[in-house]
Structures are given as C-alpha cells and as structure tokens.
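J.: Quick one: the structure is below, questions incoming.
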Amino acid sequence: MDSIVSENNATGVDRTLRRCEWVSSTHTSDMMIIYHDTEWGFPVHDDVKLFELLTLEIFQAGLSWEISLKKRSGLNAVFYKFDIDQVTQMMDDDIIRLKQDTRIIRNSLKIAATINNAQAIKRVQQTFGSFSQYLWSFTDNRVINHHVQHASDVLAQDDHSKKVAKDMKQRGFKFTGPVTIYSFLQAMGVINDHEQHCDFNPDNDALN
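If you're matching positions, the sequence shown starts at 364 in this note's numbering and goes up one per residue.
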C-alpha cells in the first residue's frame, strides 16, 4: 500500500471497522487510523520508503507516534523526500540550520543520526544491492507473523530485533537499538503484529 499519511492529508475514516487496539480509542486521530489502515505492517521493499520509516521511528523515540506523524511532512521537506544520495551530502551546517526548523522535531542528535544513517544505507546498498534486501535477508524474505490476539501480546523487542539492531550497529547505524528496530520492523512489515481480528491484518484472507 503506497499512500503516505501525514497531518496534512488525514481525512474521515470508517470507525465501524475492526482495528488493532492501539488505534481503537474514540480519541484516536484520523491520521493515526489511516496510517494503521494503509501502511503499518504492510511489507515495504523500497529503499527510500524504508529510510523514511526508519527516520520516523528514530524521531519518535521518547515521544508519541502521533507527534512523529505530525512532523512527517516537515521531515520529508528537510531531508529531500528521503533521497538517500542527497542526505548523505548534508553537513554540520545543515544540522545547525535544521535545529531551528519548527517543521521537525528539533533534536540535533537525531538529525545527525539521520545523515549518518543515509551514509550507512549507501554502504549496505553496495554490499547487499539494496537496503531492502539487507533487512529482509534476516528472515529469508519471510514475514514473522506473531498471530497477536490482544494488544498485551505485542512485544517491545525480541531476539530478531536484537539481532538486526546488533548488525546495524556494527554497520555504523545510529539510534537503532532493539526497541526502535522492533518498531521499525513492525512498520515495514517484516513483523506482522496486527491483531488477528483486525480487518487490516495483511494475513487476513479478506485482504487477499
């Protein structure tokens, strides 16, 4: 599913459909629901989209996911729509400039990590052919389906995210601990943590 969700394009949704508990509250914003319905947990193989999702996870760390989504359009703007080659060329002056940009979460360490991670992705692409092939190689291109029954079943990290995080650290990635990577793997569809009753579970026959 290719739709890009941000605060700017959130619209009305059908709240009668069954969804994962984390977006089932009457107070959940349309933006969050649309992200869940159209992006979260659906397999991604595009390197630019993967770079964006990784960056959103990093900027979300310590904050709420909704805050990160609200800043999504700003992050796309300042990081050249996550063009990996362009981001690798960003310098210290860019970090200082972006630290003042209210369109994004103004954390200089996370900004620097994003530039660093673009450079790490380039190295991974040279070795594996693509960032996608690298990430999916850990599971031989298979989805890890946890068959989640209740929200309480969802983990914060697991052995797989620890393995991937350790390897990414060795390859020079920053802000990619096992908790962040677990959330990233959920978002990009390597890990399917949609609840079984959810109408948007990629494993649901109704979607196939």
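Just so you know, even glycine gets a beta-carbon here, dropped at the ideal spot from N, CA and C.
1. Which two residues bound the contiguous alpha helix (DSSP H) that contains ASN504?
2. So, helix, strand or coil for GLU558, using DSSP?
3. For VAL407, which three-state DSSP category applies?
4. If I follow the unbroken alpha helix (DSSP H) through ASN480, where does it start and stop?
5. Report the three-state DSSP secondary structure of ARG378 (helix, strand or coil).
6. What does the Cβ neighbour count give for ASP522, buried or exposed, with the cut at 16 atoms within 10 Å?
7. Evaluate MET453 with the Cβ neighbour count: other Cβ atoms within 10 Å of its Cβ, from every protein chain shown; 16 or more gives buried, anything less gives exposed.
8. In the structure shown, what three-state DSSP assignment does VAL511 receive?
9. Taking 8 angstroms as the cut-off, decide whether the C-beta atoms of ALA550 and PRO541 are in contact.
10. So what's ALA424 in DSSP terms, helix, strand or just coil?
11. In three-state terms, what does DSSP make of PHE547?
12. Going by the CB atoms, is the gap between LEU432 and THR418 shorter than 8 angstroms?
T.: If we stick to the structure as given:
1. Careful: ASN504 lies outside any alpha helix (DSSP H) and carries neither H nor E.
2. strand
3. coil
4. 471-491
5. coil
6. exposed
7. buried
8. strand
9. no
10. coil
11. helix
12. no
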